[in-house]
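Residue numbers 1 to 215, in the UniProt record's numbering, belong to the letters of the first sequence in order.
The C-beta atom is built at its ideal place from N, Cα and C for all residues, glycine as well.
Since the structure is predicted, the reported quantities are computational estimates derived from the model, not experimental observations.
Have a look at the structure below before the remarks.
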Amino acid sequence: MSWTDERVETLKRMWGEGASASQIAKELGQVTRNAVIGKVHRLGLSNRVTPGGERAEEGEEALPEASAAAPSAARAAEPEPEEDADDEPEAPAQAEPEPEPEAVAAEAEDEEEPEEEAPAPFRRQIIPAGQPLPPQPSANEISPEAQAAALAVEKAAKRLSLMELTEKTCKWPVGDPATPNFWFCGMPVQSGKPYCEAHVGIAFQPMSARRDRRR
DNA sequence: CCCTGATTCGC
DNA sequence: GCGAATCAGG
Numbered sequence: 001m002s003w004t005d006e007r008v009e010t011l012k013r014m015w016g017e018g019a020s021a022s023q024i025a026k027e028l029g030q031v032t033r034n035a036v037i038g039k040v041h042r043l044g045l046s047n048r049v050t051p052g053g054e055r056a057e058e059g060e061e062a063l064p065e066a067s068a069a070a071p072s073a074a075r076a077a078e079p080e081p082e083e084d085a086d087d088e089p090e091a092p093a094q095a096e097p098e099p100e101p102e103a104v105a106a107e108a109e110d111e112e113e114p115e116e117e118a119p120a121p122f123r124r125q126i127i128p129a130g131q132p133l134p135p136q137p138s139a140n141e142i143s144p145e146a147q148a149a150a151l152a153v154e155k156a157a158k159r160l161s162l163m164e165l166t167e168k169t170c171k172w173p174v175g176d177p178a179t180p181n182f183w184f185c186g187m188p189v190q191s192g193k194p195y196c197e198a199h200v201g202i203a204f205q206p207m208s209a210r211r212d213r214r215r
């Protein structure tokens, strides 16, 4: 297989949409993720936008000590004539609205985007992007027994980060995602379930139990 | 061990 | 130009 215009176009589009190299490779077929990454670099469309608006590469040492041979040299020019020591303006403008980091089927199509958020003037709540969290039942839907069990487990939880989750670790989130004090349970899962025994007890309840508890 | 992108270098 | 191998990291 070769990089036909069409395949390159697909590559550019998906990369721009935030798809990973392996996802693109799977979509294209007949190529590995390495091939995709290599092509991405050759096309010079590395350095994807980062949420913080920061440069993707920010080294501590910025010496004129570049690589010997002329590399791809696809680094974006820096339009920074001067720097302000202590200036804290708004976040750098972002051209793109940052597409959803989703990787659903290619044919998926959002039909209607609801309205934008309310015009709360000075409220600037940070909503962490990411996958939808597991259900967080309101207190009145949790049985006292299950709640107590979960509380006990959370005190002994492994407190894993997102990247540390596996098929064998409980994925129950604890705390506020917008806070450093956020972690996942991480206890051994009940086989086949995404959660440990205690959290399965909260996540999966008989409909009748929920109905009876609801006001 | 799963995954990610980055880089190198023989082809 | 291409991409496997390798590297570096979450």
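Item, Value
"Coil, strand or helix - V40 by DSSP", "helix"
"Test item: CB-CB of V36 and A21 under 8 Å", "yes"
"Neighbourhood of K158 by C-beta, 6 Å cutoff - its chain only, sequence neighbours within 5 removed", "G186"
"Distance CB(F184)-CB(K168) smaller than 8 Å", "no"
"Straight-line Cα distance separating A149 from residue 216", "The question about residue 216 has no answer, for the chain in this structure spans 1 to 215."
"Residues near A25 by beta carbon distance below 6 Å, same chain, minus five either side", "V31, T32, R33, V36"
"Boundaries of the alpha helix (DSSP H) in which L11 is found, first to last residue", "5 to 16"
"Other residues of its chain near A146: CB distance less than 7 Å, five sequence neighbours each side excluded", "G201, I202"
"For L28, three-class secondary structure by DSSP", "helix"
"Candidates A156, F182, S46, of which the one nearest G18 by Cα", "S46"
"Three-state class that DSSP yields for P194 in the structure shown", "coil"
"E27 versus R42, E6, L43, G44, residue with shortest Cα-Cα distance", "E6"
"Straight-line Cα distance separating T4 from R42", "14 Å"
"Own chain partners of V174 with C-beta closer than 6 Å, once the 5 adjacent residues on each side are dropped", "E154, W183"
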